Amino acid sequence: MFKRKQAEIITIPKHIAIILDGNGRWAKRRGLPRTAGHQAGVENIKRIAVHAAKIGVKALSLYAFSTENWNRPKNEVDFLMNLPEEFETRFRDEFEKHDIKVMFSGRKTKISRKNQEILERITERSKLRQGLVLNICFDYGSKEEIVQAIKQIAMNVKEEKTTIEAIDEHMVDDLLYTKELPQLDLLIRPSGEIRLSNFLLWQVAYAELYFCETFWPAFSERELDKAIAEYSRRERRFGGLKG
Ligand code: IPE
Ligand code: IPE
Ligand code: MG
40 MFKRKQAEII TIPKHIAIIL DGNGRWAKRR GLPRTAGHQA GVENIKRIAV
90 HAAKIGVKAL SLYAFSTENW NRPKNEVDFL MNLPEEFETR FRDEFEKHDI
140 KVMFSGRKTK ISRKNQEILE RITERSKLRQ GLVLNICFDY GSKEEIVQAI
190 KQIAMNVKEE KTTIEAIDEH MVDDLLYTKE LPQLDLLIRP SGEIRLSNFL
240 LWQVAYAELY FCETFWPAFS ERELDKAIAE YSRRERRFGG LKG
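Quick note: the sequence shown uses the working numbering, first residue 40, plus one each step.
Structure representation (structure tokens):
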């Protein structure tokens, strides 16, 4: 009997988030300084963003610097704080070519004035693009994001712009950095760590989670395809029953 291999049905997630982890260990394995890993990690943002755009992902959120990463040695933090400048000059043409719109999530208060201006410029330049939304989470912490939403709601109640009874999930959604993005479908953490490290804690509520061993600088287009194939095989029930 002839057995035909069934073609796999691939569902492209609308919104994928990736924790860009493992830069330091990637470099160490090669006998390089940790900063070389960060450099390679930034390069990989371009490769994966372009691939995501090509396969039709609508939004890609990348965790690039957390509110806790300030605790690292000064030379490493300084190096990471110089990356936005490089990001702006090196990726400009490629992102334009692929119609990628760039936005940033995170605090704008602690980073330097210069970096604030760079992030504003990148956002402004790409704001009318219709392709993939590349959401770079920089000085981002999920708890910080939720706290500022709570403060805003408290303020709105105090100023009688809303009432306690009117507070609901949508109101919170609309106060998060991700308010304009589709619901998160798939969260990927490379590098073997099985934790969220303060990333998208609210948004992850019904996302599928995918962990792999590859360090971020080596995370290839094929790895992303593999994660999406695995996502396609999952059954999402959202608390209901099997469809
Ligand atoms: C992720 O790589 C990049 C940032 C957190 C900025 P790491 O620097 O955490 O690399 P590992 O986890 O030490 O290998
Ligand atoms: C999470 O990675 C933050 C980013 C990738 C930006 P970390 O390397 O900082 O996380 P922990 O310390 O292992 O939890
Ligand atoms: Mg790490």
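Backbone N, C-alpha and C fix where the C-beta goes; we use that ideal spot for every residue, glycine too.
Predicted model, so just to flag it, every value in this text is computed and none were measured.
Best match in the options for proximity to residue i [C-alpha to C-alpha]
i      : options                           : result
Asn83  : Asp60, Lys67 and Lys97            : Asp60
Ala257 : Ile49, Arg69 and Glu47            : Arg69
Asp117 : Ile150, Val196 and Tyr216         : Ile150
Thr106 : Thr217, Asn174, Arg228 and Gly180 : Gly180
Tyr249 : Gln242, Asn237, Glu262 and Trp241 : Glu262
Glu219 : Glu159, Lys166 and Asn195         : Lys166
Asp207 : Ile192, Glu198 and Glu199         : Ile192
C-beta atoms of residue i and residue j nearer than 8 Å
i      : j      : result
Ser100 : Ala66  : no
Lys140 : Gly95  : no
Leu119 : His54  : no
His311 : Val172 : Past the edges of the chain, shown from 40 to 282, lies residue 311, and the structure says nothing about it.
Tyr270 : Pro52  : yes
Phe104 : Asp224 : no
Val211 : Leu226 : no
Glu133 : Lys85  : yes
Phe254 : Arg64  : yes
C-alpha distance - residue i paired with residue j, whole-angstrom precision
i      : j      : result
Pro221 : Glu247 : 14 Å
Glu184 : Ile48  : 36 Å
Leu343 : Cys176 : The question about residue 343 has no answer, for the chain in this structure spans 40 to 282.
Thr202 : Ile189 : 13 Å
Arg234 : Leu280 : 27 Å
Ala98  : Ala268 : 18 Å
Arg164 : Asn237 : 29 Å
Phe143 : Gly282 : 37 Å
Arg111 : Asn121 : 15 Å
Ile161 : Asn114 : 25 Å
Own chain partners of residue i with C-beta closer than 7 Å, once the 5 adjacent residues on each side are dropped
i      : result
Gly231 : Glu252
Contact belief for residue i with residue j at Cβ below 8 Å, rounded distance in angstroms
i      : j      : result
Asn62  : Gly80  : 4 Å
Pro123 : Ile87  : With 8 Å as the limit, Pro123 and Ile87 do not qualify as a contact, their Cβ atoms being about 18 Å apart.
Ile58  : Arg228 : 4 Å
Cβ-heavy atom distance, residue i to ligand 4, below 7 Å
i      : result
Asp178 : Looking at this structure, you won't find ligand 4 anywhere; what it does contain is ligand 1, ligand 2 and ligand 3.
Own chain, CB closer than 8 Å to residue i, minus 5 neighbours either side, in chain order
i     : result
Met40 : Unreliable positioning characterises Met40 in this predicted model, as indicated by a pLDDT of 49, which lies under 50. A coordinate reading is not provided.
Min CB distance residue i to chain C below 8 Å
i      : result
Ile139 : The structure shown has no chain C; it contains just one protein chain.
Residues near residue i by beta carbon distance below 6 Å, same chain, minus five either side
i      : result
Ala75  : Ala66
Thr217 : Gln242
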